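K.L.:
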Amino acid sequence: MHCSDAPCMAVCPVDCFYRTGDGVVLHDKDLCIGCGYCFYACPFGAPQFPQAGAFGLRGKMDKCTFCAGGPETDRSEAEFKKYGRNRLAEGKLPACAEMCSTKALLGGDGDVVADIYRERVLRRGKGSEVWGWGTAYGPGKPGAQPPAKGAKS
Numbered sequence: 001m002h003c004s005d006a007p008c009m010a011v012c013p014v015d016c017f018y019r020t021g022d023g024v025v026l027h028d029k030d031l032c033i034g035c036g037y038c039f040y041a042c043p044f045g046a047p048q049f050p051q052a053g054a055f056g057l058r059g060k061m062d063k064c065t066f067c068a069g070g071p072e073t074d075r076s077e078a079e080f081k082k083y084g085r086n087r088l089a090e091g092k093l094p095a096c097a098e099m100c101s102t103k104a105l106l107g108g109d110g111d112v113v114a115d116i117y118r119e120r121v122l123r124r125g126k127g128s129e130v131w132g133w134g135t136a137y138g139p140g141k142p143g144a145q146p147p148a149k150g151a152k153s
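In terms of the numbering used here, the sequence shown has 73 at position 73, counting the first letter as 1, and numbering is strictly consecutive.
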């Protein structure tokens, strides 16, 4: 999910940020001047200044594209060079969501993603043991080693 009211869009002096029809917030690297205002405005730290090869230079900001490409024509060579594969145009999930082995990262419509997370929370229950030792490792085994003297239980 991307911001519905993205602060980076509001502070950019050259308006290089835009929203796609899918709701993905992207920025045009050709328009970006590298001022860094978006970096400071974003509460999630999404826009980043690329560190490699940028010492002493005024570079351009970079951010997750949600594997949605850029302002160039979908699946064009120019788009691929600047932004990588446009997985959304290919009907696929973003690479991070597809490869996440724990399925903690999801991609898609905000309502669908919210329903999935809501169902997960209801299934897990609530209380102090939701994220505790028992959840991670299961209940203790009978006959297991007793706690050391003076250890808090």
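Where is the CB? At the ideal position from N, CA and C, for every residue including glycine. All values reported here derive from a predicted model rather than from experimental measurement.
#1: Of all the options 122, 5 and 80, which has the alpha carbon lying nearest to the alpha carbon of residue 29?
#2: Exposed or buried, residue 87, counting other C-beta atoms within 10 Å across all chains shown (16 or more means buried)?
#3: Here's the rule: buried if 16 or more other CB atoms are within 10 angstroms of the residue's CB, otherwise exposed. What is residue 149?
#4: Using the rule of at least 16 other Cβ atoms within 10 Å of the residue's Cβ for burial, across every protein chain shown, is residue 94 buried or exposed?
#5: Assuming the contact rule is C-beta atoms closer than 8 Å, residue 42 and residue 8 should be a hit. Round their C-beta distance to whole Å, please.
#6: Jot down the residue ranges of each uninterrupted alpha helix (DSSP H) in the segment 6 to 74, minimum 4 residues, whole runs only, in chain order.
#7: Taking all protein chains shown into account, do 16 or more other C-beta atoms lie within 10 angstroms of the C-beta of residue 47, making it buried, or fewer, making it exposed?
#8: Straight-line CA distance for residue 68 to residue 96?
#9: Going by the beta-carbon positions, is the gap between residue 23 and residue 60 smaller than 8 Å?
#10: What did DSSP end up calling residue 105 once you bin it into helix, strand or coil?
#11: Among 38, 50, 49 and 32, which residue has its Cα nearest to the Cα of residue 3?
P.N.:
Considering the structure as presented:
#1: 80
#2: buried
#3: exposed
#4: buried
#5: 5 Å
#6: 7 to 11 and 37 to 41
#7: buried
#8: 12 Å
#9: no
#10: coil
#11: 38
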